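**Q** The structure is given below, and queries will be raised subsequently.
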Amino acid sequence: MLKAAGLGLISLLPVVAVAALLAGALTVGRWSDRALDWLNGGQVRTVLAASLIGVITPVCGLGMLPLIATLLRRGLPLAPVMAFWVSSPVTDPSMMLITASIISVPFAVAKTAAAFGIGILAGAVTGLLPGYRNAGHEMMRPTALEQYDCFWTAVWSSTRPMIRWLALALVLEVFLQRFVPGAWVTSLFGTDAASWIPLAVLVGAPMYLEGYAALPLVSGLMDKGMSFGAALALMISGAAVSFYSAVAVAALVRIRVFILYVLLALLGACLAGYAANWLI
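Just so you know, we're using the numbering used here here: the sequence shown kicks off at -9 and counts up by one.
Here's what the structure looks like:
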């Protein structure tokens, strides 16, 4: 089992290298600083911009803290902040590249589109709630984390978690393929069981699997019969409500905003799963 996982990891090293270099280039390019300049204007524009920035910015859960802290201190409405919060952990250019390599190009595109869509959903819902429109007073305390200024530091910092989590996930994938009956997966999450998408969301949310770790695992589940929509819902909920993402929210805001974040992320994952099964 370990040998098979090791061979799988070796085959993915070129993709990991390209993804890490891309993350380094985007980090040194100071996308986070530029993002702050884009989030000025009306609510519709800022929610759209925040959702797009969340998709294209290579920021992990804890890495969101300095950017979100700055947004909150600038007094931005909570709607665009929530849009970024929900969309950012789901994907980024590096994640899209590795998703296409491990699962498929259509799945990578669907995941990226879903991240953008649930960001818009989260921002729109938050903007309509009268008690959640102002973000500044929701901040619990300022947070200062060191940002990467060196390209190679950013590359190495991206490579380590990718390799660590992919190695773990490949072992889980081999275990899944050898010991989990395909009929069991199909009966729960198969194409004829759309009602089980909420179950996939609830399973994914507390798994605390880092995004890269989830890819081989979800690929194995799809090989066993999991539907496209259920797989997408599981990945989105696992990314948006993962430990790292949850910490980034809970460390900055009051409990009511944190609860809203979790509910919007879970709702978005469900809707993305249903939409994927309907369209694909």
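We put the beta carbon where it would ideally sit given N, CA and C, even for glycine. Computed from a predicted structure; not experimentally measured.
Beta carbon of ALA259, beta carbon of VAL191: below 8 Å?
**A** As a working mapping, residue 259 is identified with position 269 in the sequence shown. As a working mapping, residue 191 is identified with position 201 in the sequence shown. Taking 8 Å as the Cβ cut-off, ALA259 and VAL191 qualify as a contacting pair.
**Q** Between GLY325 and the rest of its own chain, which residues show a CB-CB distance below 6 Å, the 5 nearest in sequence each way excluded?
**A** Look at the range of the chain in this structure, -9 to 270, and you will see that residue 325 is not part of it.
**Q** From this set, ALA7, ASN267, ILE43, which residue's C-alpha is nearest ALA221's C-alpha?
**A** Taking the sequence shown and counting its residues from 1, the one referred to as residue 221 is at position 231. When only C-alpha atoms are compared, the closest one is ASN267.
**Q** Taking DSSP as the reference, what is the three-state secondary structure of VAL161?
**A** Numbered from 1 along the sequence shown, position 171 holds the residue referred to as residue 161. The answer is helix: DSSP assigns VAL161 an H, G or I state.
**Q** Whose C-alpha, out of ALA265, THR102, SER77, is nearest the C-alpha of VAL298?
**A** Beyond the ends of the chain as shown, which are -9 and 270, falls residue 298; an answer cannot be given.
**Q** Would DSSP call PRO67 helix, strand or coil?
**A** Within the sequence shown, residue 67 is the residue found at index 77, counting from 1. In the structure shown, PRO67 sits in a strand (DSSP, three-state: E or B).
**Q** How is LEU38 classed by DSSP in three states: helix, strand or coil?
**A** Against the sequence shown, residue 38 aligns to sequence position 48. DSSP places LEU38 in helix when its eight states are reduced to three.
**Q** Compute the beta-carbon to beta-carbon distance between LEU254 and VAL80, rounded to the nearest angstrom, for a pair I have assumed lies under 8 Å.
**A** By 1-based counting over the sequence shown, the position of residue 254 is 264. By 1-based counting over the sequence shown, the position of residue 80 is 90. In fact, because the Cβ distance is near 12 Å, the residues do not count as touching under 8 Å.
**Q** Please state if the CB of GLY228 and the CB of ALA204 are separated by a distance shorter than 8 Å.
**A** In the sequence shown, counting from the first residue as 1, residue 204 sits at position 214. In the sequence shown, counting from the first residue as 1, residue 228 sits at position 238. Yes.
**Q** In angstroms with no decimal places, state the Cα-to-Cα distance between GLY113 and ALA223.
**A** Taking the sequence shown and counting its residues from 1, the one referred to as residue 113 is at position 123. Taking the sequence shown and counting its residues from 1, the one referred to as residue 223 is at position 233. When rounded, the distance between both Cα atoms is 19 Å.
**Q** Report the CB separation of VAL208 from ILE93 in whole angstroms; it is logged as a contact under 8 Å.
**A** Taking the sequence shown and counting its residues from 1, the one referred to as residue 208 is at position 218. Taking the sequence shown and counting its residues from 1, the one referred to as residue 93 is at position 103. 7 Å between Cβ atoms; contact.
**Q** So is TRP146 buried or exposed if we call it buried at 16+ other beta carbons inside 10 Å?
**A** One-based indexing of the sequence shown puts residue 146 at position 156. It counts as exposed.
**Q** Check each candidate in ALA157, MET72, SER84 and name the one with the smallest Cα separation from ARG246.
**A** As a position in the sequence shown, residue 246 is number 256, starting the count at 1. Closest by alpha carbon: MET72.
**Q** Would the C-beta of PRO206 count as close to the ligand HEM, meaning under 7 Å from any of its heavy atoms?
**A** Among the ligands in the structure shown, none appear at all, so the ligand HEM cannot be discussed.
**Q** Quick one: Cα of LEU257 to Cα of THR149, how far?
**A** The residue you call residue 257 lines up with position 267 of the sequence shown. The residue you call residue 149 lines up with position 159 of the sequence shown. Looking at the two C-alpha atoms, the distance is approximately 31 Å.
**Q** Thinking GLY219 and ILE249 are a contact (beta carbons under 8 Å), I'd like their distance in whole angstroms, please.
**A** Looking up residue 219 in the sequence shown gives position 229. Looking up residue 249 in the sequence shown gives position 259. Wrong, their Cβ atoms sit about 26 Å apart, outside the cutoff.
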